[in-house]
Amino acid sequence: MELLDLESLIKLGVATLLGGLVGLERELHGRPAGLRTNALVCMAAALLIVVSRSGALEGIGGSGVVNLNVDPARMAAGIVTGIGFLGAGAILRIRESLVRGLTTAATIWFVAAIGIAVGLGEWSISIAATTAALVLLFVFGRMERFIGSIKYRALRVETDLASRERVEESCRGIISRNDITIQQSDYLLDNEGGTCSMRFALRTRHGRRVGDVVGEMARIEGVRSVKIS
29 MELLDLESLI KLGVATLLGG LVGLERELHG RPAGLRTNAL VCMAAALLIV
79 VSRSGALEGI GGSGVVNLNV DPARMAAGIV TGIGFLGAGA ILRIRESLVR
129 GLTTAATIWF VAAIGIAVGL GEWSISIAAT TAALVLLFVF GRMERFIGSI
179 KYRALRVETD LASRERVEES CRGIISRNDI TIQQSDYLLD NEGGTCSMRF
229 ALRTRHGRRV GDVVGEMARI EGVRSVKIS
């Protein structure tokens with residue numbers, strides 16, 4: 029019995045360590061679900077598997093008759109389902125074109141799977157999968173920044189009605205020079221206030237250039253404000 033308890037404690041410790049290593053990358057990037065969250069999720073998954081397996085083993089009588097009280101596979105399925113709700117809470121949707129937290133949600137789901145594997149005593153695959161995840165998060169993350177993934181931004185420029193056409197032409201010229209595509213544009217006129225609000229849906233591989241575009245537009249004569257989201 030002492031050996032079983034020691035093995036269980038080792039599983040919990042390894043699960044906490046592996047989950048913490050994966051969560052460290054999220055922590056370094058300032059994500060809400062960081063080191064502690066991922067370590068707890070991984071440890072909790074391992075704990076549930078260990079407890080379920082212990083209950084199942086108690087069903088083996090001295091006469092050799094096997095009577096399983098708990099199905100460990102069912103417990104693993106329950107963990108995956110429960111973690112789905114936790115991962116969904118990490119996803120944040122900002123308007124229609126911007127969704128954040130998908131990688132964090134996937135990380136939470138992944139560390140739960142690691143915890144299940146550790147709880148089942150699958151040491152090799154647990155360590156191998158954690159190593160692969162760290163490579164994906166650290167190395168591939170830098171590759172994405174180097175390659176330059178497609179970014180979507182919403183730009184809003186407010187000006188007076190008299191300057192609308194001139195300001196719009198200048199804005200489109202600035203956007204074009206910075207190799208940014210306008211996917212959609214519209215404007216809202218306020219005749220009483222004498223203002224025009226122009227909105228541009230932008231698509232680009234050069235996220236940093238969007239900041240330069242905002243700076244250039246703010247210097248256009250007649251522009252009252254420029255907002256980016």
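Per this note's numbering: the sequence shown = residues 29 to 257. Each residue gets a CB set at the ideal place from its N, CA and C atoms; glycine is no exception.
| Item | Value |
| --- | --- |
| Residue from R231, G149 and P60 whose Cα sits closest to the Cα of A43 | G149 |
| Cβ neighbours of L40 in the same chain (closer than 8 Å, five flanking residues each side left out) | M71, A74, L75 and V78 |
| Integer-rounded CB distance, given that M245 should sit under 8 Å from V238 | About 11 Å separates the two Cβ atoms, so there is no contact after all. |
| Residue nearest to A134 in terms of C-alpha spacing, selected from R192, G58, V50 and K179 | V50 |
| Between the CA atoms of I144 and E35 - distance to the nearest angstrom | 15 Å |
| As assigned by DSSP and simplified to three states, the class of I122 | Model confidence at I122 stands at a pLDDT of 48, short of 50, so the residue's coordinates are unreliable; what they give is reported in the following sentence. In the structure shown, I122 sits in a strand (DSSP, three-state: E or B). |
| Inter-residue spacing [alpha-carbon to alpha-carbon] between L63 and S152 | 22 Å |
| Residue from V146, I136, I202 and T232 with nearest C-alpha to G10 | Since the first residue shown for the chain is 29 and the last is 257, residue 10 is missing from the structure and cannot be characterised. |
| Burial state of T109 (16 or more Cβ within 10 Å) | exposed |
| Continuous beta strand (DSSP E) stretch holding L216: start and end | T209 to D218 |
| DSSP three-state assignment for S152, whether helix, strand or coil | helix |
| Inter-residue spacing [alpha-carbon to alpha-carbon] between L37 and D240 | 55 Å |
| The region 198 to 213 contacting the region 153 to 172, beta-carbon criterion three pairs below 8 Å | no |
| Interface flag, Y180 vs chain D, CB-CB below 8 Å | Of the protein chains in this structure there is only one, and it is not chain D. |
| Contact check, W137 vs I111, beta carbons under 8 Å | yes |
| Residues that R181 bridges to, as DSSP identifies them | L230 |
| Close Cβ partners of S225 (< 7 Å) along its chain, the five nearest in sequence each way excluded | R184, E186, Y215 and L216 |
| Beta-carbon contacts of R227 that lie in its chain and below 6 Å, excluding the five residues immediately before and after | R184 and D214 |
| Between the CA atoms of S204 and Y180 - distance to the nearest angstrom | 15 Å |
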